DNA sequence: GCCAGACTATTAACATGTTAAGTAATATTG
DNA sequence: CAATATTACTTAACATGTTAATAGTCTGGC
């Protein structure tokens, strides 16, 4: 029984909000990872940056932002912090002075490798709780959704 | 070809990060809703609060936080803003002076009803692009994931 | 070589995310 | 019923999300 809000304005139930459903699911997942992030003194976003740099080597700031799903103003502040604490290194691109190249520093690599086992353990726990094949299928579905909504301008 | 980072520290590829996959999908969805949110001068979170109050009537702050997937410190600031702009109203609960009851105000209801058609149009576009049945299945999957990861303490 | 326009990164301003600490009201215990 | 613990909300501090504006840098036409 609603509160009389169903007169004249057709509107789906709040429980059928796709952004909310994705957010709730993501929060449930992140709850598993936050304890060890806190223990190692890095935020979720700082971890994403270190993680991307570990895999990709030296990359441009713009590329790094896309990889980490961060906006460039956020990344700018995050890199300032990570550079100040010695976890990453920045240098101007030789061929284009507008661009900046970023790489993980030894201290960053060391931190990442220390936390990795805790992260992997949580992935195993999640796949056990939800099902390995169902988890794999979810990756596919989420990527398909992303591709389906991609603006044609890209 | 990795960058020599595969020696000794077993770690999944960054592309198989569940938080990242959920975030990317959510951002793709939100990109469809942000233009009209901006046009109506409300943030995503402010909209969630108005949306929940519209459906549920007067609720306690704590309940509202759970409904909107917001932490109470964030909600506290959001409600201060929404109350100052006349979109919601707060009053202490008669039975327990610690609790606060929140309800949508007429101006909030009016704003919500003006934007609702734009929001519904985007939902139709998303369901058309991704498939109505696949969208419904995704809701189910996300809820199952949430339930599977729910800590037993809850 | 010069210049208007495009591109890359940063800064600014305001709102929220996250954790810890604080405040007031209620519930509990001895 | 008084001392204590618990609960609900807020405030504080720092980090990020989001949009707009800024500061260098590069490119193509002239």
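Residue numbers (our numbering), protein chains in the order written: chain A, 338 to 491; chain B, 338 to 491.
Cβ coordinates follow ideal geometry from the N, Cα and C atoms, glycine included.
If you're wondering where the values come from, they're calculated on a predicted model, not measured in any experiment.
Assignment of residue 400/B by DSSP, reduced to helix, strand and coil, places it in the helix class.
The beta-carbon of residue 422/A is placed no less than 7 Å from the nearest beta-carbon of chain B. Inside the region 388-466 of chain A, DSSP marks whole alpha helix (DSSP H) runs of 4 or more residues at positions 398-405 and 409-421, from first to last along the chain. In this model, residue 464/A and residue 413/B are separated by some 35 Å (Cα to Cα). Judged by DSSP in its simplified three-state form, residue 357/B adopts helix. Under the 10 Å beta carbon count, residue 472/B is surrounded by 16 or more other beta carbons and is classified as buried. The continuous alpha helix (DSSP H) containing residue 481/A extends over residues 469-486.
Contact with chain B is found for residue 476/A, since one of that chain's Cβ atoms lies less than 7 Å from the residue's Cβ. Setting aside the 5 residues that flank it on each side, residue 442/A is surrounded in the same chain by 423, 424, 425 and 426, each with a C-beta closer than 7 Å to its C-beta; the list follows chain order. For the region 367-391 of chain B, residues whose beta-carbon sits nearer than 8 Å to a beta-carbon of chain A comprise 367, 368, 369, 370, 381, 385, 388, 389 and 391. Short of 6 Å from the beta carbon of residue 402/A, and not among the five residues preceding or following it, lie these beta carbons of its own chain, in chain order: 409 and 412. No Cβ-Cβ contact shorter than 7 Å links residue 428/A with residue 405/A.
Judged by beta-carbon spacing, residue 438/B lies within the 7 Å limit of residue 395/B, meaning their Cβ atoms are closer than that value. At a C-beta separation below 9 Å, residue 347/A has these neighbours in chain B: 453, 454 and 457. Under the 10 Å beta carbon count, residue 378/B is surrounded by fewer than 16 other beta carbons and is classified as exposed. Under the three-state reduction of DSSP, residue 367/B is assigned to helix. Chain A has no Cβ within less than 7 Å of the Cβ of residue 407/B.
Between residue 359/B and residue 407/A, the alpha-carbon positions lie close to 14 Å from each other. Counting only residues of its own chain and dropping the five nearest sequence neighbours on each side, residue 451/B has a CB closer than 8 Å to the CB of 377.
Residues of chain B whose Cβ lies closer than 8 Å to the Cβ of residue 353/A are, in chain order, 476.
Within chain B, no residue has its CB atom less than 9 Å from the CB of residue 418/A, the nearest being about 20 Å off. Look at residue 372/B here: in three-state DSSP terms it is helix.
When the alpha-carbon of residue 392/A is set against those of 476/A, 445/A, 474/A and 462/A, the nearest one is in 445/A. Residue 485/B belongs to the set of residues whose beta carbon lies under 7 Å from a beta carbon in chain A. Residue 469/A and residue 348/B have their C-alpha atoms roughly 16 Å apart.
Between residue 346/A and residue 459/B, the alpha-carbon positions lie close to 15 Å from each other. Any Cβ of chain A closer than 7 Å to the Cβ of residue 395/B would place that residue at the interface, and such an atom is absent. In the three-state reduction of the DSSP assignment, residue 346/A falls in the coil class. Residue environment analysis places residue 435/A among the exposed positions, since fewer than 16 neighbouring C-beta atoms fall within 10 angstroms of its C-beta. The Cβ atoms of residue 354/B and residue 455/B do not sit closer than 7 Å to each other. Cα atoms of residue 430/A and residue 388/A: separation of roughly 21 Å, rounded to the nearest angstrom.
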